[in-house]
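Residue numbers (the working numbering): 1 to 368.
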Ligand SMILES: Cc1cc2nc3c(=O)[nH]c(=O)nc-3n(C[C@H](O)[C@H](O)[C@H](O)COP(=O)(O)OP(=O)(O)OC[C@H]3O[C@@H](n4cnc5c(N)ncnc54)[C@H](O)[C@@H]3O)c2cc1C
């Protein structure tokens with residue numbers, strides 16, 4: 001008999017949500033995290049937006065899990081007192097040429113069953129006097145949540161149900177045996193190993209490397225992840241907007257947008273920068289300020305470059321490269337590849353924070 005029935009690699013928001021959902025059924029579930037604390041990577045380096053689900057192709061994992069996850073996150077925030085902002089969001093066209101982009105979004109949201117309302121430039125002006133636009137959309141169900149608050153709740157639910165969090169424990173080897181997996185980790189006290197009936201790979205930026213450790217040919221499977229950095233600039237100005245304000249999205253990103261956090265602090269970002277090497281450099285260079293200023297002023301003409309200061313950044317694990325089209329989340333039980341009991345989660349970029357409790361429900365069905 002294996003030492004544990006389930007091991008989850010990675011204590012970001014996704015691994016934590018899965019642990020919270022499955023800990024009661026898998027007593028002694030092990031959650032491995034290489035860092036000293038949970039949630040120190042992408043899950044604490046994002047916009048904290050609870051997306052409504054207006055951007056993703058109908059029927060995709062991203063569309064379905066975003067819509068379901070948004071409901072679950074908002075419910076969890078109420079039940080557990082996690083700070084959230086139910087502020088809604090505007091998507092604004094700043095030129096006539098962008099108006100068809102709003103129509104596309106409106107149709108996609110309808111197909112995903114997400115409420116969205118068209119607004120005239122005058123209506124936008126009365127809601128957000130500092131925003132310049134020729135028209136837009138209002139998404140009342142988009143909001144903001146404290147990512148740390150959400151992760152702390154998932155962790156406590158998991159620990160209360162008997163899960164074991166091992167920090168400073170880096171997975172270094174994963175070997176399929178006849179009836180279970182041999183898991184080897186590196187810890188400050190030296191190497192440790194144990195056996196597990198099932199393994200869930202929720203390793204974020206390293207999810208492709210962990211799949212490769214298990215024996216999967218990641219190139220052949222289409223699992224190779226690109227690292228795509230997104231930087232933010234912040235402003236000390238208060239009262240500029242009272243809801244999130246986004247431009248019409250481009251082919252590869254939602255565009256630099258105005259986001260509030262739960263304390264009302266205003267930031268702009270993230271931009272899109274594919275990293276040539278897999279090095280987690282989170283520096284935000286001041287050289288980006290003018291580009292950010294120009295993008296922000298298209299929607300908010302009153303923001304000067306001097307109002308902006310470099311803030312945080314995060315790195316998206318993306319399956320699509322800079323010139324590729326849409327790629328969905330990979331959420332796969334790998335029996336068909338000869339690796340029973342392994343569930344791989346790859347390409348969990350946005351809306352992964354929003355979708356996290358719904359991803360956990362999907363994983364529960366796969367490991368059942
Ligand atoms: C700039 C940016 C903005 C975003 N904005 C939003 C947003 O507004 N709304 C939204 O819904 N989503 C957003 N996202 C996406 C969201 O942040 C991610 O989808 C989500 O955080 C992914 O969580 P995760 O648990 O999969 O990954 P992570 O948080 O990266 O967690 C993975 C964990 O695995 C650990 N790990 C890796 N390898 C090993 C190993 N070998 N052994 C042990 N541990 C290991 C890591 O240390 C890490 O803690 C954004 C992302 C970025 C980068």
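Here a beta-carbon is modelled for each residue, glycine too, at the ideal position from N, C-alpha and C.
The alpha-carbon separation between residue 368 and residue 358 amounts to approximately 15 Å. A distance criterion of 7 Å places the beta-carbon of residue 316 in contact range of ligand 1, judged by its closest non-hydrogen atom. Beta bridge pairing from DSSP links residue 29 with no other residue.
When DSSP states are grouped into helix, strand and coil, residue 18 belongs to the helix group. Counted as a single uninterrupted DSSP element, the stretch harbouring residue 259 is not any alpha helix (DSSP H) but the beta strand (DSSP E) occupying residues 257-260. By the neighbour-count criterion, in which 16 or more other beta carbons inside 10 Å mark a residue as buried, residue 180 falls on the buried side. Nearest to residue 39 by alpha-carbon distance, out of 361, 362 and 356, is 356. Here the alpha carbon of residue 221 sits roughly 37 Å from the alpha carbon of residue 89. For ligand 1, no non-hydrogen atom lies closer than 7 Å to the CB of residue 320. Distance between residue 280 and residue 126, taken at the CA atoms: about 42 Å.
A straight line joining the alpha-carbon of residue 302 with that of residue 247 spans about 16 Å.
Between the region 58-74 and the region 262-272 there are fewer than three C-beta pairs closer than 8 Å, too few to call the two in contact. Per DSSP, residue 309 is one residue of the beta strand (DSSP E) stretching across 309-318. Excluding residues up to 5 positions away in sequence, 88 and 115 lie with their Cβ nearer than 7 Å to the Cβ of residue 140 in the same chain.
The residue from 343, 52 and 349 with its alpha-carbon nearest to that of residue 18 is 343. A direct Cα-to-Cα measurement between residue 352 and residue 153 gives close to 17 Å. Rounded to the nearest whole angstrom, the CA to CA distance from residue 9 to residue 33 is 7 Å.
If you draw a straight line from the Cα of residue 330 to the Cα of residue 150, it comes to about 23 Å.
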